[in-house]
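Respectively, the protein sequence lines represent chains A and B. Each residue of the first sequence is one higher than the one before, starting from 0 at the first, in numbering that gives the first Met the number 0. Each residue of the second sequence is one higher than the one before, starting from 0 at the first, in numbering that gives the first Met the number 0. What follows is one structure encoded as structure tokens, with my remarks underneath.
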Amino acid sequence: MGDDAIAEAMRQINPHVVAAYPITPSTQVVEAFARFVADGLVDTEFVATESEHSAMSACVGAAAGGGRVMTVTGSQGLAYMFEVLGVASGLRLPLVMAIANRALNSPLNIHGDHSDTMAMRDMGWIHLYSENCQEAYDNTIQAFRIAENPNVRTPVLVAIDGFQTSHMVETLIVEPDKLVKKFIGEHIPSYPMLDIDNPVLYGAADRPDYYMEHKRSQLVGIINAPEVITQIGKEYGDLTGRYYGLVEEYRMEDTEYAIVVMSATAGSVKGAIDQLREEGIAAGLLKIRAFRPFPADEVAKSLSRTKSVAVLDRCGTGGAQGGPLFLEVRTALYEEKSPPQVINYIYGLGGKDLPLKHIKDVYLRLREIARTGERGKLVDFLNLRE
Amino acid sequence: MVSFKLKDIATREERLAQGHKMCPGCGIALTVRQIMASFEEPVVIANATGCLEICTGTFPQSSWKVPWIHSAFPNAASTIAGLESMYRAKVRRGEIPKERKIKFLAFGGDGGTYDIGFQALSGAAERGHNIVYVCLDNEGYMNTGGQRSSATPTGARTTTSEVGKVLQGKQQLRKDLTRIMAAHHIPYTAQAAPSKWLDLMKKAYRAFEIEGPAFINVLCNCPTGWHADPARGLEFVQRAVDSCFWPLYEVESGVVRITYKPRKKIPVVEWFKDQGRFKHLLRPENEELLESIQVEVDRIWNQLLKDAGEEI
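Listed below in structure tokens is the structure:
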């Protein structure tokens, strides 16, 4: 299962400190890791906190101390952490956080959607989204390398879809412990607080004369991240045969109609594409792996060849002009000479299923838009009972 | 044991540098200096948002000669817990030699401790981290202009517990946080005041000496929020002690010990007078309210005497 895949990566990474609070559907990560701790398979200091707010706070303290630190959460837990998320990125602490994406209350719902991580999309974290258990495992390992890269030093979250991936039983290739250990390497702390002979101050107050300059300097890590994510994805591929970039294209080389989506649904879309291709419909997929920083150039380059695009957001609009992914994609295409028509679908909120039929319908509509030039409704819902 | 001779304390290197921006006469600044001078081991500090944090850590200056972190308002306890966990992980892996003893200290005001940071503190205490948490209790949100907290005494005027035609200051009882922390059955809990500096320093020393979580609650006068003469701050704090509104005691391994018993217990009105925030309580029409406050203070003091096995 996706949760176990992440836990297995954590066992191999053997962080100094894991501070976490259990929440469905990522509880099994914490439980599996607690078993590793109990069996002495890791020498991690496991801090089972009384809340997610304290989990992230303990992660901030631990990371400032100078070592590898990780937590796991999602949904309400992530929302509860919110104020400390900005502290982690503001202090440039190389934490890693695994997320099993889950809907936000109210109504209470324990199932998957992206409204939790989308709500923190501008908190200065790097976001990696995983399609399946294998990607969850691979991304968790790569996340430490990305976060700790001296040119990045920015916290990274690795997201999987709640239940669709967190509880999905799949075949997983687990790399040898030695290979993972070698790949992530020794942790080299930067300005560790526990180096008591060289006292440092973390978290100073700023007046208006310095705040903006500091906010700008914090961005450096995010700005440097795409190159580092790409390079580490290649390095990981050379070792394992599984290569990773900022985005993944599926049958995009000659496509006219493209869907843009993140995480588990990309798998369903690939299935729909294979069927449509047999029917002679030139369907393609652009999967976003790194949502933050947003790979605008890659997205524009990939989609500029298409005639029509549907962006699938697993998150509501909250009164914006569309879902968060849609806004990014449409903006990325703004300077193209003849951009494709772009529409937006909200899907899968609170674990709502998305059968292949609906994905195929999206492609048929994209073909119709390309044929007639009539875009129709800009933002709509998929598989919604009206 | 570290020497508590005045000469030795005075010549010990100060780890909170002079030149910080705390108000003249601030009880917090005094308390922090007393605590920092009560032990000699290296220390790492987490500071909740508040007066002490703002006045000692505004970029580009720092008053701290020791590693120090500020994260947010409610999480000094969980932040120091994370640091202490990292220390243990690094010692276990041999990345820090185990002879290298480091102390872990958190400071929070009453807002960051009694109220918004209470959950984090309770959690850290229950988990048994080897930390010392010091609450700098000046009985309100004084850094933001003096709003009520759950540490604000009954009847006190604050900007959110106003005195008007209908209400006479804070309506509710204050939270007895020291007893609540003692109820966590942590190894050491104490209540102290900077006016009894030796008592305070010995408690701090004991808190650092003991393995496991320790909590010290210190009443600190506020030069602005108490609406009283800043030069007499310690006198007011001592009146709180002598009225038994703020008893000095410690709870170690469940045993309650009163560390200072006033020779003559003064009425609470003595502690209230000369402070603007209590002025209205001295009016004749508030006599009944004043009396009920006295009854409550006596009840809690008598309970403490009983718990300490002393005569009432």
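Just so you know, even glycine gets a beta-carbon here, dropped at the ideal spot from N, CA and C.
Where the beta strand (DSSP E) containing residue i begins and where it ends
i	result
Cys-134(B)	131-136
Leu-156(A)	155-160
Glu-287(B)	First-last for Glu-287(B): 286-306, but that is the alpha helix (DSSP H), not the beta strand (DSSP E).
Tyr-344(A)	340-345
Leu-104(B)	102-108
Thr-188(B)	187-191
Phe-214(B)	213-218
Thr-258(B)	254-259
Ile-109(A)	Run containing Ile-109(A): none; DSSP gives neither H nor E here.
Proximity to residue i [Cα-Cα], best of the options
i	options	result
Ser-386(A)	Gly-347(A), Gly-244(A), Gly-318(A)	No answer is possible for residue 386(A): the residues shown for chain A start at 0 and end at 385.
Lys-329(B)	Lys-264(B), Glu-269(B), Arg-256(B), Leu-281(B)	Only positions 0 to 311 of chain B appear in the structure, and residue 329(B) is not among them; the question remains open.
Thr-170(A)	Leu-332(A), Asp-3(A), Gln-230(A), Met-211(A)	Asp-3(A)
Ser-50(A)	Gly-116(B), Gly-111(B), Arg-262(B), Asn-46(B)	Gly-116(B)
Arg-101(A)	Leu-90(A), Arg-91(A), Ser-114(A)	Ser-114(A)
Val-250(B)	Ile-215(B), Pro-152(B), Pro-59(B)	Ile-215(B)
Leu-233(B)	Ile-27(B), Glu-287(B), Gly-107(B)	Ile-27(B)
Ala-387(A)	Phe-35(A), Glu-255(A), Leu-238(A)	Outside the displayed range of chain A (0 to 385) lies residue 387(A), so it cannot be described from this structure.
Ala-239(B)	Phe-207(B), His-69(B), Asn-137(B), Ile-130(B)	Asn-137(B)
Lys-314(B)	Lys-272(B), Gly-253(B), Cys-243(B), Gly-275(B)	Nothing about residue 314(B) can be read from this structure; chain B reaches only from 0 to 311.
Gly-266(A)	Lys-286(A), Glu-373(A), Thr-48(A), Glu-278(A)	Lys-286(A)
Arg-313(A)	Arg-291(A), Phe-325(A), Tyr-210(A)	Phe-325(A)
Val-219(A)	Arg-241(A), Ala-146(A), Gly-236(A)	Ala-146(A)
Met-117(A)	Ala-257(A), Ser-25(A), Ala-289(A)	Ala-289(A)
Three-state class that DSSP yields for residue i in the structure shown
i	result
Leu-245(A)	coil
Gln-75(A)	helix
Gly-275(B)	helix
Ile-172(A)	coil
Lys-286(A)	strand
Tyr-86(B)	helix
Lys-269(A)	helix
Ile-22(A)	coil
Gln-17(B)	coil
Ser-389(A)	Residue 389(A) lies beyond the stretch modelled for chain A, which goes from 0 to 385, so this question has no answer here.
Val-65(B)	coil
Leu-365(A)	helix
Asn-142(B)	helix
Thr-112(B)	helix
Arg-178(B)	helix
Arg-250(A)	coil
Thr-157(B)	strand
Tyr-333(A)	coil
Thr-30(B)	helix
Ile-358(A)	helix
Tyr-190(A)	coil
Arg-262(B)	coil
Phe-45(A)	strand
Under 9 angstroms between C-beta atoms of residue i and residue j
i	j	result
Leu-377(A)	Leu-353(A)	no
Glu-335(A)	Ser-303(A)	yes
Ile-345(A)	Arg-364(A)	no
Ala-99(A)	Gly-161(A)	yes
Asp-241(B)	Ile-265(B)	yes
Thr-264(A)	Leu-311(A)	yes
Pro-222(B)	Cys-25(B)	yes
Phe-32(A)	Arg-10(A)	yes
Thr-57(B)	Met-21(B)	no
Ala-71(B)	Ala-47(B)	yes
Gln-167(B)	His-279(B)	yes
Gly-122(B)	Ala-182(B)	no
Thr-70(A)	Leu-94(A)	yes
Val-1(B)	Glu-39(B)	yes
Where the alpha helix (DSSP H) containing residue i begins and where it ends
i	result
Val-59(A)	51-64
Glu-226(A)	207-239
Gln-413(A)	Residue 413(A) lies beyond the residue range present for chain A, which begins at 0 and ends at 385; the question has no answer from this structure.
Glu-125(B)	117-126
Ile-5(A)	1-12
Leu-51(B)	50-55
Residue-level contact to chain C via CB, residue i, 9 angstroms cutoff
i	result
Arg-32(B)	Checking the listed chains, one finds no chain C in this structure; the protein chains it contains are A and B.
Contact list for the segment 184-209 of chain B against chain A, Cβ threshold 7 angstroms
none
Could you name the residues of the segment 195-220 of chain A whose beta carbon sits closer than 8 angstroms to any beta carbon of chain B, in the order they occur along the chain?
Ile-195, Pro-198, Val-199, Leu-200, Tyr-201, Gly-202, Ala-203, Ala-204, Asp-205, Arg-206, Tyr-209, His-213
Give me the subset of the segment 62-82 of chain B whose CB atoms are less than 9 angstroms from a CB atom of chain A, sorted by chain position.
Trp-63, Lys-64, Val-65, Pro-66, Trp-67, Ile-68, His-69, Ser-70, Ala-71, Phe-72, Pro-73, Asn-74, Ala-75, Ala-76, Ser-77, Thr-78, Ile-79, Ala-80, Gly-81, Leu-82
Between the segment 83-99 of chain B and chain A, which residues of the former have CB atoms less than 7 angstroms from a CB of the latter, in chain order?
Ser-84, Met-85, Tyr-86, Arg-87, Ala-88, Lys-89, Arg-91, Arg-92, Ile-95
Relative to chain A, which residues along the segment 106-128 of chain B have a C-beta separation below 9 angstroms, given in chain order?
Gln-118, Ala-119, Ser-121, Gly-122, Ala-123, Glu-125, Arg-126, His-128
In chain order, what residues of the segment 41-66 of chain A put their CB closer than 9 angstroms to some CB of chain B?
Asp-42, Thr-43, Glu-44, Phe-45, Val-46, Ala-47, Thr-48, Glu-49, Ser-50, His-52, Ser-53, Ala-54, Met-55, Ser-56, Ala-57, Cys-58, Val-59, Gly-60, Ala-61, Ala-62, Ala-63, Gly-64, Gly-65, Gly-66
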